[in-house]
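Below is one structure; the comments refer to it alone.
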Amino acid sequence: MKLYGDFQREDWMKALTLSEKDIPETFILHGEWEHEENLKRWKQILADEQFLPEWNTVIGNHQGVRVGFSNVFGGPAAAMTAHIFGSVGTEKFIQTGYFGGLSHDVQYGDILIVTGAYMEDGVSQWYLPGDTQVYADPKLVEAAIQYCEEKGYRYVTGTVMSTSAMYMETTKVVKSWSEDGHLGVDMETATTFAISKYFKRSAIGLLNLSDHIIQGDTFYTTTNKTREIMEETDWKIRDLALYLASVNVTTKGEETV
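One point on numbering: in UniProt numbering, the residue at position 24 of the sequence shown is 24, and numbering is uninterrupted.
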């Protein structure tokens, strides 16, 4: 008898009735509670040769590249997707979603290109026991920066604190995270990075500022203007994620599409 941790590639392929053509080269995991609108949008984006292996997941072709999208919320949900597709052969993982701001230098409308994540999510330690921080692929970070420069997208780079207990954030706790140098806090990035590293895959995080908690903002004080900025930034992040899905970052740090 095999349990999940004993599953090999062929076991996951059989469990999800995956064929070789179904396996995406890149997987985009989006951390957000509201999933219905996201799935509808990505079913339209990935309409070519579409495959729906799970309720929160869509796989399809975009400009000739096989891409997967999964709407997740929190580290355990992100792990359910990243583990399976890391095991079967997906090479690149892109974590998108939102972060709470921990720096006064970050503003609404900035794309946070995550370079590393501190592992307080409750999941990543199972994959990298003994580690406290896990890092993005530097070549993907370089490619993301270059694309933002070319497109004129505002961005910042830095680390996030990944936690599993958002509603336990206090002014004191948030201040300590800020003093440690993290630009934001989220719930999924450390999980996705750790699983990618475990399976020897590459990963990057692209996050949107949702609540500037270092300044006292919460989800419940968001203004209509801020929501408009967030929606525009979401569009830019989708554009950047799809670009990174299509780009081939070589061992020399060069890239081709």
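Beta carbons: idealized from backbone N, C-alpha and C, even for Gly.
Please report the residue range of the beta strand (DSSP E) in which G68 lies. On the sequence shown, position 68 is the one that residue 68 refers to. Per DSSP, G68 is one residue of the beta strand (DSSP E) stretching across 65-72.
Where E188 falls, given that 16 or more other Cβ within 10 Å makes a residue buried: By 1-based counting over the sequence shown, the position of residue 188 is 188. It is buried - the Cβ of E188 has at least 16 other Cβ atoms within 10 Å.
Under the rule that 16 or more other beta-carbon atoms within 10 Å means buried, what is T250, buried or exposed? Mapped onto the sequence shown, residue 250 falls at position 250. Any answer about T250 is weak, because its pLDDT of 49 lies below 50 and its placement is not dependable; what the coordinates show is given next. When all chains shown are included, T250 counts as exposed.
Contacts around F27, its chain only, beta-carbon distance under 6 Å, and the 5 residues preceding and following it disregarded: Translated into positions along the sequence shown, residue 27 becomes position 27. Closer than 6 Å at the Cβ level, and outside the excluded window around F27, lie G68, F85, T90, F93.
Assuming contact is defined by CB atoms lying nearer than 8 Å, are G205 and V106 in contact in what I supplied? Here residue 205 refers to the residue found at position 205 of the sequence shown. Here residue 106 refers to the residue found at position 106 of the sequence shown. For G205 and V106, no; Cβs fall outside 8 Å.
Do S246 and the ligand GDP come close, with the Cβ less than 7 Å from some heavy atom? Among the components of this structure there are no ligands whatsoever, and the ligand GDP is therefore not found.
Ordered along the chain, which non-local residues of its own chain (more than five positions away) have a Cβ less than 6 Å from that of F199? Counting from 1 along the sequence shown, the entry for residue 199 is found at position 199. Cβ neighbours of F199 beyond the five flanking positions: G86.
At least three beta-carbon pairs within less than 8 Å, the region 228-247 to the region 141-155: yes
Note the first and the last residue of the continuous beta strand (DSSP E) segment covering M161. As a first step, residue 161 is located in the sequence shown; it is residue number 161 there, counting from the start. In the DSSP annotation of this structure, the continuous segment of the beta strand (DSSP E) that includes M161 starts and ends at 155-163.
With a threshold of 6 Å on Cβ separation, who are the neighbours of R66 within its own chain once the five nearest residues in sequence on each side are excluded? Mapped onto the sequence shown, residue 66 falls at position 66. Within the same chain, R66 has close Cβ partners P24, E25.
If you compare alpha carbons, which of H35, L102, A194 is closest to G216? On the sequence shown, position 216 is the one that residue 216 refers to. G216 has its Cα closest to that of L102, out of H35, L102, A194.
So for V123, helix, strand or coil by DSSP? Position 123 of the sequence shown, counted from the start, is the residue given in the question as residue 123. Coil.
Below 6 Å CB to CB, which residues in the same chain sit around Q133 once its five sequence neighbours on both sides are set aside? Working through the sequence shown from its first residue, we reach residue 133 at position 133. G116, Y118.
Cβ of L140 within 8 Å of Cβ of A194? The residue labelled residue 140 in the question sits at position 140 within the sequence shown. The residue labelled residue 194 in the question sits at position 194 within the sequence shown. Not in contact: L140 and A194 (Cβ atoms no closer than 8 Å).
Closest Cα partner of W235 within the set F99, G109, W12, D22: In the sequence shown, the residue the question calls residue 235 occupies position 235. Looking at the Cα atoms, G109 is the closest of the given residues.
List in chain order: all unbroken alpha helix (DSSP H) runs of 4+ residues lying wholly within the region 123-149. 124-127
According to the neighbour-count rule (16 or more other Cβ atoms, all chains shown, within 10 Å of its Cβ), is H83 buried or exposed? Here residue 83 corresponds to residue number 83 of the sequence shown, with the count starting at 1. By the neighbour-count rule (16 or more Cβ atoms within 10 Å), H83 is buried.
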